[in-house]
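Student:
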């Protein structure tokens, strides 16, 4: 899906973080990072009650490293 979005001209993707879905955000973001070259990767929604902020920060830092700096960034100039 991430490659299709990038090929269609999208500049980013937000992946939800919930324990109620079969996939978790961090592996999904990492796979999207490896499947794309320019797509920015973001967390769309997370629950600070069920995900400690330190766990969330550590996870997105991993994706940031694996994606070459494309995680959690947003161009607010538009």
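Residue numbers (this note's numbering): 0 to 77. Heads up, the beta-carbon is just placed ideally off N, CA and C, and yes, glycines get one too. Here the structure is a predicted model, which means the values were calculated and not measured.
Can you name, in chain order, every residue of its own chain whose Cβ lies under 6 angstroms from the Cβ of residue 70, other than the five neighbours on each side?
Tutor: The residues are 40, 59, 62, 63.
Student: For residue 2, is the classification buried or exposed, using 16 other Cβ atoms within 10 angstroms of its Cβ as the cut-off for buried?
Tutor: Under this definition residue 2 is an exposed residue.
Student: Pop quiz: residue 29 and residue 65 are said to be a contact at Cβ under 8 angstroms. What is the actual Cβ separation, rounded to whole angstroms?
Tutor: 5 angstroms between Cβ atoms; contact.
Student: Less than 8 angstroms between C-beta atoms, sequence neighbours within five positions excluded: which residues of the same chain meet that for residue 37?
Tutor: The answer, listed in chain order, is 5, 10, 69.
Student: State the DSSP-derived secondary structure class of residue 42, mapped to helix, strand or coil.
Tutor: DSSP places residue 42 in strand when its eight states are reduced to three.
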